Amino acid sequence: MPPVDEYVACRKALLEFIDKNSCAPIMVRLAWHDSGNFDKNVSSWPAAGGANGSIIHEPEIDFGANAGVIKAVNFLKKFKEKFPAVTWADLIQMASACAIQATGGPVIPMKYGRIDVKDGSACPERTSRGTADNAGLPDAMPPFGDGSKDAASHLRVIFYRMGFDDEGIVALSGAHTLGRAFKERSGTVEFGYGDAKASKYTGSGCPVRHDGKEGVGMPGGKAWTKNWLTFDNSYFQFLKQGPDEHLIWFPTDEALHKDAKFKVYFDKFADSKDAFFASYCKAHKQLSEQGSKFEPAEGFMLPETASKL
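For our numbering, count along the sequence shown from 1 and bump the result up by 1.
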């Protein structure tokens, strides 16, 4: 029988930890980077990549795109010790779903039972997904590692490889409503760790949580939204609110409202948080399961629970 009770206890502990430490964004980033190297054209496990826990191993954890996610791995080590029946692949994806929920987002109907890869031999090669580096994770700005001449084409190359359509691409991009970029990690912004290197909306005293409580976790960096510890559709308000020099808007963000096919969904999600949440749940669940090998084969679900945070 699947260890459902241990998984439920782990989920409860994660929700409390993420809420207390305001660390939701890096949990989402860790899970996305573990699953985001999936290649639907590869049939064997774990060669196809995806949500299999390989990111905790070298050399993958040391890829440039994964700079900083070791912090999330270290956060999760104590949960793995306390709840040993929860696999690393499941723990990583569970933490991401909890992070969405803890910041006011939807409760995602997650499936569990993922089998862990054994060691770093399962890590995808840096150039194995047709990109110059990082095993097929997307670039924020040109030059694009897959050779695409524009951001919209790059996003489609990356996400079509994983089996997503345009709606899924825009929905998943909406997760940028959470979190920040740092000079010390992606190097795409000039703002870094701590209050001394924070931007207008990322200092210690900024009101960013969905519940109005104080706390930003670690200050610093530059965000896509003013309330970057709140999961809502703020990301899609860019056109309505207008540019803000204190917020990020990369070429891959701009593509979502410049490309006509993407813009249909960008506008839809700007108008309706419910529509965004529905599409995001579907895409997040798909992202969390692609490339995974489950035991039992059909996986298992946990009793649904509404957030009390």
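Cβ atoms here follow ideal geometry from the backbone N, Cα and C, with glycine treated the same way.
Nothing here was measured: the structure is a model prediction, and the numbers come from that model.
Under the three-state DSSP convention, the category residue i falls into
i	result
A152	helix
R162	helix
G206	coil
R130	coil
R181	strand
K223	strand
A284	helix
A279	helix
A136	helix
L230	strand
A199	strand
Backbone CA spacing between residue i and residue j [nearest angstrom]
i	j	result
S289	R30	12 Å
P208	P26	16 Å
K119	K81	15 Å
G51	A123	11 Å
L230	I19	11 Å
K286	A256	24 Å
I116	N135	23 Å
G213	A86	35 Å
Y8	F84	8 Å
P60	Q94	20 Å
G216	A298	41 Å
R12	V74	16 Å
F267	L240	10 Å
M142	P4	43 Å
Limits of the alpha helix (DSSP H) - the one that residue i falls within
i	result
S174	D167 to S174
F263	A261 to D272
I71	I71 to K83
M28	A25 to S36
K13	V5 to N22
F239	F239 to Q242
The ligand GDP heavy atom lying under 7 Å from the CB of residue i
i	result
R30	Of the ligands one can find in the structure shown there are none, so the ligand GDP has no counterpart to examine.
Same chain, Cβ closer than 7 Å to residue i, five either side skipped, listed in chain order
i	result
P139	H155, L156, I159 and T253
A182	T189, V190, G222, K223 and I249
R186	A68 and G69
S149	H155 and V158
Sequence-distant residues of the same chain with beta carbon closer than 6 Å to residue i, five excluded per side
i	result
F145	H155
L173	A284
D196	G204, S205 and P220
K198	F192 and G221
L16	C99 and A103
G137	N38 and R130
G164	K41
D91	Y113 and R115
C24	G218
H177	W225 and Y236
I170	L156 and F160
Neighbourhood of residue i by C-beta distance below 8 Å, restricted to the same chain and skipping five residues each side
i	result
E305	V108 and P110
Could you tell me which whole alpha helix (DSSP H) segments of length 4 or greater appear in the segment 78–117? Taking only runs of at least 4 residues, the alpha helix (DSSP H) segments lying wholly in the segment 78–117 are 89–103.
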